[in-house]
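Numbering (my numbering), first residue to last: 9 to 138. Quick reminder that beta carbons are idealized off the backbone N, C-alpha and C, glycines included. Predicted model only: the values in this text are computed from it and were never measured.
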Amino acid sequence: MHKVHNPTTIAPPVAPSYSNGIEVAANARWLHVSGQVGAAPDGTIAQGIAAQAEQCWKNITGVLKSAGMDLGDVVKVTTFLTSKDYIGPAREVRARYQVGDYRPASTLLIVAGLASPDFLIEIEAVAAKA
9 MHKVHNPTTI APPVAPSYSN GIEVAANARW LHVSGQVGAA PDGTIAQGIA
59 AQAEQCWKNI TGVLKSAGMD LGDVVKVTTF LTSKDYIGPA REVRARYQVG
109 DYRPASTLLI VAGLASPDFL IEIEAVAAKA
């Protein structure tokens, strides 16, 4: 497991879904997961923010599995949303994909748009395994 850093000398995370810093052991194997959107393997796009967030996490889990990793190996998550109204639903879905009390480092951005106007969310991840 990676070492979490939430020092008392800085503000604590503003949401329970992340940590301020994650330390990875030396000689770890790294995996960068490209931004995943709400598209299923057959190319259909899930409808609504919760369904798209769910598909994003399924896609991320699939990439991790192909590398012999799992969600406990994720050290950084970046989430892009096209509306601040999607923050709550995106966090609810993400919470179902968290491993125990472990919280990776995270950044959340509200953006004007993604690669397709049908996409409401995109999530990228970085994982490391010793």
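{"query": "Quick check on DSSP: helix, strand or coil for Arg102?", "result": "helix"}
{"query": "Apart from the five residues just before and just after Asn14, which ones in its own chain have a Cβ nearer than 8 Å to its Cβ?", "result": "Pro20, Pro21, Ser27, Asn28, Gly29"}
{"query": "Taking 8 Å as the threshold, find out whether the region 86-104 comes into contact with the region 60-74 through three or more Cβ pairs.", "result": "yes"}
{"query": "Less than 6 Å between C-beta atoms, sequence neighbours within five positions excluded: which residues of the same chain meet that for Ala54?", "result": "Gly46, Gln60, Gln63"}
{"query": "Which ranges does the beta strand (DSSP E) cover as unbroken runs of at least 3 residues, wholly within the region 33-101, from first to last along the chain?", "result": "37-44, 82-89"}
{"query": "Is any heavy atom of the ligand FMN found at a distance shorter than 7 Å from the C-beta of Ile18?", "result": "The model depicted lacks the ligand FMN and carries no ligand whatsoever."}
{"query": "Just to confirm, are Arg102 and Ser42 a CB contact at a threshold of 8 Å?", "result": "no"}
{"query": "Beta carbon of Ala138, beta carbon of Asn35: below 8 Å?", "result": "yes"}
{"query": "If distances are taken between C-alpha atoms only, which option among Gly121, Leu89, Val71, Arg104 comes closest to Thr115?", "result": "Leu89"}
{"query": "Where DSSP assigns a beta bridge to Ala133, which residues make up the other side?", "result": "Val41, Val85"}
{"query": "As a quick exercise: from Gly51, Gly56, Leu39, Leu72, pick the residue whose alpha carbon is nearest that of Tyr105.", "result": "Leu72"}
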